[in-house]
Amino acid sequence: MAISLSLLQFVLFPPLLLIHQFASSVAAFPSQIPIESFTNSDDHATIATLNFTIDRLNSASPGTFLLEHRHKSLRISRENSWDLMSKICAELRSGFMLLMAGESHQRPYEAYMAVSNGLEVPMINWDLSPRAFHHPNNTYNFEVSIRPPTAQLLADLLIMKGWKQMVYWHDAENADKAAQNLRLIYLHLQHKNESIRSEMLQLPEEVNLFGKFLQTFNLQRFGSNSSVGIVMDMANSFRQQRLLQAIRSAQFMQQKYHYVVANYDLQPYDVEMFQQGNINITGFQLVDRESREYALLSRMVELKMKELGERPGLDLETRLAYVHDAVVVAKAALESTLKKNDSLFQRNFRRRGFYNRNFPGIYCYPFTDKENPNRPSGTFEHGKAIATALSTLSLAGSVDGTLTGRIEFDRDGTRKNFLVTVVDLTSDTKSAFNKKELLFWKQSVGFLKDRTEAQHVRTAHLESGLKKVLRVVTVRSDPFVMLKRECDTKRGGSENASECEGNNKFEGYCIDLLKLLSEREDFRDITYEIFISQKNQYGAKQQDGSWDGIIGHLLRGEADLSVASLTINQDRERVVDFSKPFLTTGISIMIKKPDKQEFSVFSFMAPLSSEIWMYIIFAYVGVRPFPFAFGH
């Protein structure tokens, strides 16, 4: 009996032990981890982006923890840093692992840093931190900035362009930050033994005065033909758009000026607008606009703005991409922390509350905790572990869910190793369009040599009285471009027939589109010649960087334009310019509209050819005598 009892205990004990261990491991991994964001109460787009990204991440990772997002809308003046710090401390009493905010102004930033560094609470700043201008060397940096700095990029651009004069335009709101950025530009130039003469000008506060400001600026430089680089550092995207509109509308020659949009908010719409007008402008792009996440976020923000009765922008602001990536970084940092020790947060979540060092919540001032008068002064116990995870984080880009490319931080919490697309539009007095060039710049490396360039000449302005022949390249693809039946040897036609010379041998949707364009007033002095691309190919990039097909003909100057059923993709957009697509879906039926014909008494003969009618008449005449003969 004793033996059987001991065997029973031996058999049952290990499973109970395994169940206990499994329950402990599950309990060690929290189901929800609280993070908190702070924004202005009227920043609806940012709030919508935060909620969208949190929902996306929580639904995409059901096997791990969920982010418990808490949001605090603030109605506080930027000068009242004490009130802001009180609000943050009040929220900390509920407890959270990370705080997120977008602050680049010195006074409110100091309030966030007082809490973050003082209590060791990690902070993700989706704006560019003022810390980036000072480079402190702390053992632990509890803040990271999602928005990358621009000083090194601007310095490399100035060197590449060979400018000796620079004018730095800025707003009153970001005057201090602009001055610090200019100082960093000079530091980068000194490291490369370069020098430049600069001038800082503050833009008027009223956007309606931008036009007058431009006129005054131009008059002050009247008579000088030396090229000037103008860096535009705007406080927000609205003011930037209004300034760009004023530049496009300016009634003076601007060939000697080259404008540089100093942030990463040059929209595709802006590039399209500046393709014409002989205005030199350079901008930086960081956001992956080809990703599905970007399309979903843009659509959501647009719907939210319409729901609130606000007018949505033409494109998603880059700052919202920073907000999106701030949440992605928060989730990745917490995951990295728990991978090292999945039971690290086990003691922080109990009794449906957040505990820090065995006391509920986090208090800026322990003596204000009336329920726990013996609470000692202490920092957030896991702050250093999460800060270490943030500083060593490496996200590869869209593969890891980010919209602004690779995300890595240096020891000061500033972005490093990020890649920027530089869009450079330069004017040409002999061309109707600006020359567009796309360059690639990587932090700590500079401009990359393996850049993609469009080496082609666009359509020039036509002098009066001269005829211009455009070479139009296309591909044969039914029903867009086809050979007429009488010109197609495969269908019994002859390509040597007189009606098959030149453009007459082609028909189809694209051919009709060209005919309509040629009837416009702007095309009255223009004729065109259509030819099929080599091997009837659309165009693909080769290993040596060259292009074949339609794209190759355009880049080599063998064709002036193309009208074809050509798919628009990212690689092709980098080297040639596309119009608005005339077809956006492949599920459709295209039928040629019949030509109008004059009425004729012989219209009844149209269904059959003249030869068939002759055969019918001959058959009737030939057969008619036989019944007559048989009848007699």
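Going letter by letter, the sequence shown gives residues -28 to -1, 1 to 604 in mature numbering (1 follows the signal peptide of the UniProt record, and there is no 0).
The beta carbon of each residue, even a glycine, is placed where N, CA and C say it ideally should be.
Just so you know, these numbers come straight off a predicted model, no measurement behind them.
**Item:** Distance, Asn30 Cα to Phe189 Cα
**Value:** Taking the straight line joining both Cα atoms gives about 52 Å.
**Asked** Going straight from the alpha carbon of Asn328 to that of Pro6, what length do you get?
**Response** Rounded to the nearest angstrom, the two C-alpha atoms are 13 Å apart.
**Asked** Does the Cβ-Cβ distance between Met72 and Trp141 come in under 8 Å?
**Response** In this structure, the beta-carbon distance from Met72 to Trp141 does not fall below 8 Å.
**Asked** Excluding sequence positions up to five away, which residues of its chain have a Cβ less than 7 Å from the Cβ of Ile19?
**Response** Contacts found: Thr11 and His43.
**Message:** Using only CA atoms, which one of Glu115, Gly480, Gly603 and Asp384 lies nearest to Arg448?
**Reply:** Checked all of Glu115, Gly480, Gly603 and Asp384; the closest Cα to Arg448 is Gly480.
**Prompt:** From Leu455 to Val445, what distance separates their C-alpha atoms?
**Reply:** Going by the C-alpha atoms only, they are around 15 Å apart.
**Message:** Please report the straight-line C-alpha distance between Glu343 and Asp382, rounded to a whole angstrom.
**Reply:** Looking at the two C-alpha atoms, the distance is approximately 41 Å.
**Request:** Would you kindly report the start and end of the unbroken beta strand (DSSP E) that includes Leu22?
**Result:** Annotation for Leu22: no beta strand (DSSP E) segment contains it, though the alpha helix (DSSP H) segment containing it runs His16 to Ala32.
**Request:** Pick out the complete beta strand (DSSP E) segments inside the stretch 286 to 325, 3 residues or longer, and give them in chain order.
**Result:** Complete beta strand (DSSP E) runs here, min 3: none at all.
**Request:** With Lys487 as the anchor, note down where its alpha helix (DSSP H) starts and where it stops.
**Result:** For Lys487, the enclosing alpha helix (DSSP H) begins and ends at Tyr481 to Ser490.
**Prompt:** In whole angstroms, what separates the C-alpha of Ala293 from that of Val259?
**Reply:** The alpha-carbon atoms of Ala293 and Val259 are separated by roughly 7 Å.
**Prompt:** Do you know whose CA, among Asp450, Leu533 and Ile379, lies nearest Leu489's CA?
**Reply:** Nearest to Leu489 by C-alpha distance, out of Asp450, Leu533 and Ile379, is Leu533.
**Asked** CA-CA distance, Ala(-2) and Asp314?
**Response** Unreliable positioning characterises Ala(-2) in this predicted model, as indicated by a pLDDT of 45, which lies under 50. A coordinate reading is not provided.
**Request:** Take Phe452 and list the residues in its own chain whose beta-carbon comes closer than 7 Å to its own, dropping the five residues that flank it on each side.
**Result:** Residues Gly480, Tyr481, Cys482, Ala536 and Ser537 of the same chain have their beta carbon placed closer than 7 Å to that of Phe452, with the five preceding and five following residues left out of the count.
**Message:** According to DSSP, simplified to helix, strand and coil, what is Pro599?
**Reply:** Three-state DSSP puts Pro599 in a helix.
**Bounding residues of the beta strand (DSSP E) (the contiguous stretch that carries Glu145)** = From DSSP, Glu145 is part of no beta strand (DSSP E); its letter is neither H nor E.
**Prompt:** What distance in whole Å lies between the Cβ atoms of Pro240 and Asp287, which are believed to be in contact at a cut-off of 8 Å?
**Reply:** With 8 Å as the limit, Asp287 and Pro240 qualify as a contact, their Cβ atoms being about 6 Å apart.
**Prompt:** Do we get a CB-CB distance below 8 Å when we pair Glu145 with the residues of chain C?
**Reply:** As a matter of chain content, chain C is missing from the structure shown, which is built from one protein chain.
**Prompt:** Can you pull the DSSP bridge partners for Lys513?
**Reply:** Lys513 is bridged by DSSP to Trp519.
**Message:** If distances are taken between C-alpha atoms only, which option among Glu282, Glu265, Pro94 and Leu215 comes closest to Thr360?
**Reply:** Looking at Glu282, Glu265, Pro94 and Leu215, the one whose alpha-carbon comes closest to that of Thr360 is Pro94.
**Request:** Quick one: grab the DSSP three-state call for Lys184.
**Result:** DSSP, read as helix, strand or coil, puts Lys184 in helix.
**Request:** Please say whether Leu367 and Glu265 have beta carbons closer to each other than 8 Å?
**Result:** Contact: no.
**Request:** Please work out which residues of its chain come closer than 7 Å, Cβ to Cβ, to Ser167, disregarding the five sequence neighbours upstream and downstream, and give them in chain order.
**Result:** Around Ser167: Leu161.
**Message:** With H, G and I counted as helix, E and B as strand and the rest as coil, what does DSSP make of Phe352?
**Reply:** Phe352 falls in the coil class under three-state DSSP.
**Asked** Are the Cβ atoms of Tyr236 and Asn252 separated by less than 8 Å?
**Response** Not a contact, by the Cβ cut-off of 8 Å.
**Request:** Specify, as a first and last residue, the run of the alpha helix (DSSP H) that Gln78 falls within.
**Result:** Segment Gln78 to Leu91, the alpha helix (DSSP H) holding Gln78.
**Message:** Contact between the stretch 177 to 194 and the stretch 214 to 233 is defined here as three or more beta-carbon pairs at a separation below 8 Å; is this criterion met?
**Reply:** A contact exists between the stretch 177 to 194 and the stretch 214 to 233.
**Message:** Assuming Ala123 is part of the alpha helix (DSSP H), what are its boundary residues?
**Reply:** Note, Ala123: alpha helix (DSSP H), Ala123 to Lys133.
**Request:** Examine the Cβ distances between the stretch 323 to 340 and the stretch 48 to 65 and report whether three or more of them are shorter than 8 Å.
**Result:** These segments touch.
**Request:** State the Cα-Cα distance for the pair Lys276 and Asp484, rounded to the nearest angstrom.
**Result:** Those two C-alpha atoms are separated by around 41 Å.
**Asked** Helix, strand or coil for Trp585 per DSSP?
**Response** The DSSP-derived three-state label of Trp585 is helix.
**Item:** Span of the alpha helix (DSSP H), counted from its first residue to its last, around Asp396
**Value:** Not the alpha helix (DSSP H): Asp396 falls in the beta strand (DSSP E), residues Leu391 to Thr398.
**Request:** Look at the alpha carbon of Gln318 and the alpha carbon of Asp148, and state the distance between them as a whole number of angstroms.
**Result:** Those two C-alpha atoms are separated by around 44 Å.
**Request:** Count the other CB atoms, across all protein chains shown, that sit within 10 Å of the CB of Gly134; report buried if there are 16 or more and exposed otherwise.
**Result:** The residue is exposed, with fewer than 16 neighbouring Cβ atoms inside 10 Å.
**Prompt:** Where does Pro599 land, buried or exposed, given buried means 16+ other C-beta within 10 angstroms?
**Reply:** Pro599 is exposed by the Cβ-count criterion.
**Prompt:** Tell me which same chain residues have a C-beta within less than 6 Å of the C-beta of Gln509, skipping the five on either side of it?
**Reply:** Answer for Gln509: Asp520 and Gly521, listed in chain order.
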